[in-house]
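**Q** Converting from the sequence shown to the numbering used here requires adding 38 to each position, the first position being numbered 1.
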Amino acid sequence: MMLPEHTGLEALLADPSGAVIGLDYDGTLAPIVADPASARIHPEAPGVLAELAKRVGGIVIVTGRPPGTALALGASASGPSLADVPGLVILGHYGLERWEAGRITAPPPFRGLEQVRERLPIIVRGFGGVLIEDKGQAVAVHTRTSPDPEATLEELRGPISDLAAETGLVVEPGRLVLELRPAGMDKGRALSRFLAERRARSVMFAGDDLGDLAAFDAVVAAPIPGVRVCSGSAEVTALAERADIVVDGPAGVVELLRAITQRLNGS
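#1: When the distance is taken between beta carbons, is V285 closer than 8 Å to E293?
#2: Can you tell me the Cα-Cα spacing of V71 and I79, whole angstroms?
#3: Thinking just about the alpha-carbon of each residue, which of E48, E217, R231 and G164 is nearest to the one in A260?
#4: Since V267 contacts A289 with CB under 8 Å, what's their CB separation in whole angstroms?
#5: Please classify G206: is it buried, with 16 or more other beta-carbons within 10 angstroms of its beta-carbon, or exposed?
#6: Roughly how many angstroms separate the alpha carbons of E192 and T107, rounded to a whole number?
#7: Which whole-angstrom value describes the C-beta separation of L41 and A91, a residue pair presumed to lie in contact below a C-beta threshold of 8 Å?
#8: For R266, which beta-bridge partners are listed by DSSP?
#9: Go ahead and label D246 buried or exposed: buried means 16 or more other beta carbons lie within 10 angstroms of its beta carbon, across all protein chains shown.
#10: Taking all protein chains shown into account, do 16 or more other C-beta atoms lie within 10 angstroms of the C-beta of T143, making it buried, or fewer, making it exposed?
#11: Decide if T275 is buried, meaning its Cβ has at least 16 other Cβ atoms within 10 Å, or exposed.
#12: Quick one: give me the first and last residue of the beta strand (DSSP E) that A108 is part of.
#13: Going by the CB atoms, is the gap between G112 and P84 shorter than 8 Å?
#14: Out of curiosity, what's the CA-to-CA distance linking I97 and G164?
#15: Could you check whether L67 and V123 sit closer than 8 Å to each other, using their CB atoms as the reference points?
#16: Determine the DSSP secondary structure at P211, reduced to helix, strand or coil.
#17: Assess, as a yes-or-no matter, whether the stretch 215-223 is touched by the stretch 233-244 under the definition of 3 or more beta carbon pairs within less than 8 Å.
#18: Could you spell out the range, first to last residue, of the alpha helix (DSSP H) harbouring G290?
#19: Can you tell me which residues form a DSSP beta bridge with R136?
#20: Just grab the DSSP bridge partners of G60 for me.
#21: Scan the stretch 62-96 and note each continuous beta strand (DSSP E) run of 3 residues or more that stays entirely inside, going in chain order.
#22: Is G196 buried or exposed, if buried means 16 or more other CB atoms sit within 10 Å of its CB?
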C-alpha cells in the first residue's frame with residue numbers, strides 16, 4: 039500500500055517514539071457482524087500491531103466494549119493475539135474501564151443500569167430479532183438481525199431515550215445499535231487523557247462509527263499533528279466526511295498499519 043501524503047502522518051513517521059496510535063475495535067479492527075459476540079478481530083491485526091508497537095510511543099484501543107471482551111475477541115488459536123501486543127492499553131466503555139499489563143481497573147457499575155436491565159426486555163418485546171447486549175457498564179440494543187433494522191431502530195429510539203432520561207444515562211447511537219451508558223466519558227475525552235499521559239507528539243486515530251466522531255474532534259483539538267482515519271462503510275458516512283484518510287474496512291486499516299510499520303522499518 040502506498041501511504042498517502044498528510045502532514046499528521048508525516049509527523050508520525052518522522053518521530054515515531056512520540057506517536058500514539060488510537061483504534062476503535064468493532065468495524066475498525068474487527069468486521070461488523072450480526073451477533074456482537076462473534077466479532078473476531080481481523081486475523082492479521084494482532085501481528086501487525088505487535089510489530090508497530092515496537093516503534094511507536096503507544097497503541098491504545100478505545101472501544102465501547104468492556105476491555106475483557108475486546109481481549110477475548112482479539113484472541114487467536116494460532117499466532118499473536120491482542121494480549122501479545124507490547125504495551126497495549128485498552129480503554130473500554132468509552133474510557134470508563136482500562137486494561138493494561140494484564141490488569142483491569144474500573145469504577146463501580148452505575149445504579150441506573152439495574153432499572154435498564156429490568157425495563158429493556160419489556161420495551162423491545164414484540165420487535166422480532168432485536169438483541170440486548172449487557173456490557174456490564176452499559177446495555178446495548180441491536181436491531182441488525184430484525185426484519186427491518188432501520189425502521190426498528192427508529193421505533194425504539196424514543197422509548198429508549200425516555201428510559202435513559204429516567205435512569206440518568208445517555209444514549210450512544212451506532213451502526214444499528216442504541217447503547218445506554220453513564221454520562222461523563224466519551225472516546226474523545228478518553229483519547230485526550232491518554233495523549234496527555236503519554237506526552238504524545240503526534241496522534242493517529244482510526245474509527246468507523248458515530249461514537250468515533252468525538253475521538254476525531256480530540257485529534258483536531260490536540261496541540262500536536264494528527265491524522266484521522268475512517269474504516270469506511272456504506273452504513274455510516276459521517277466519519278468519511280471528516281476523515282483525512284479513508285480505507286476499506288478492517289482489512290484496509292490493517293494494510294495502512296502494515297504500510298506504516300514497513301516505512302518505519304525501512305522496508
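Where is the CB? At the ideal position from N, CA and C, for every residue including glycine.
**A** From the atom records:
#1: Within the sequence shown, the letter at position 255 stands for residue 293. Within the sequence shown, the letter at position 247 stands for residue 285. For E293 and V285, yes; Cβs fall inside 8 Å.
#2: By one-based count along the sequence shown, residue 71 stands at place 33. By one-based count along the sequence shown, residue 79 stands at place 41. V71 and I79 have their alpha carbons spaced roughly 11 Å apart.
#3: As a working mapping, residue 260 is identified with position 222 in the sequence shown. Selected option, being the one with the closest Cα: R231.
#4: As a position in the sequence shown, residue 267 is number 229, starting the count at 1. As a position in the sequence shown, residue 289 is number 251, starting the count at 1. Rounded, the Cβ-Cβ distance is 13 Å, inconsistent with contact.
#5: Counted from its first residue, the sequence shown places residue 206 at position 168. Looking at its Cβ environment, which holds fewer than 16 other Cβ atoms inside 10 Å, G206 is exposed.
#6: The residue given as residue 192 occupies position 154 in the sequence shown. The residue given as residue 107 occupies position 69 in the sequence shown. Roughly 28 Å separates the two Cα atoms.
#7: Translated into the one-based positions of the sequence shown, residue 41 becomes position 3. Translated into the one-based positions of the sequence shown, residue 91 becomes position 53. Contact doesn't hold; Cβ gap of about 19 Å is too wide.
#8: Your numbering for residue 266 matches position 228 in the sequence shown. Note: R266 is bridge-paired with F243 in the DSSP secondary-structure output.
#9: In the sequence shown, counting from the first residue as 1, residue 246 sits at position 208. D246 is buried by the Cβ-count criterion.
#10: Taking the sequence shown and counting its residues from 1, the one referred to as residue 143 is at position 105. Its Cβ having fewer than 16 others within 10 Å, T143 is exposed.
#11: On the sequence shown, position 237 is the one that residue 275 refers to. In this structure T275 is exposed. Its beta-carbon is surrounded by fewer than 16 other beta-carbon atoms within 10 angstroms.
#12: One-based indexing of the sequence shown puts residue 108 at position 70. Unbroken run through A108 is the alpha helix (DSSP H), P105 to L111; no beta strand (DSSP E).
#13: Translated into positions along the sequence shown, residue 84 becomes position 46. Translated into positions along the sequence shown, residue 112 becomes position 74. Contact flag set, yes.
#14: Within the sequence shown, the letter at position 59 stands for residue 97. Within the sequence shown, the letter at position 126 stands for residue 164. Annotation: I97 to G164 spans about 43 Å, alpha carbon to alpha carbon.
#15: As a first step, residue 123 is located in the sequence shown; it is residue number 85 there, counting from the start. As a first step, residue 67 is located in the sequence shown; it is residue number 29 there, counting from the start. Remark: C-beta atoms of V123 and L67 do not approach each other more closely than 8 Å.
#16: Counted from its first residue, the sequence shown places residue 211 at position 173. Assigned with DSSP and collapsed to three states, P211 falls in strand.
#17: Not touching, per the Cβ criterion.
#18: If you number the sequence shown from 1, residue 290 lands on position 252. For G290, the enclosing alpha helix (DSSP H) covers residues G287 to L302.
#19: Locating residue 136 in the sequence shown gives position 98, counting from the first residue. Bridge partners of R136: L129 and T143.
#20: Within the sequence shown, the letter at position 22 stands for residue 60. According to DSSP, G60 bridges with V98 and F243.
#21: Fully enclosed beta strand (DSSP E) runs of 3 or longer: not present.
#22: Here residue 196 is taken as the residue at index 158 of the sequence shown, counted from 1. That one is exposed.
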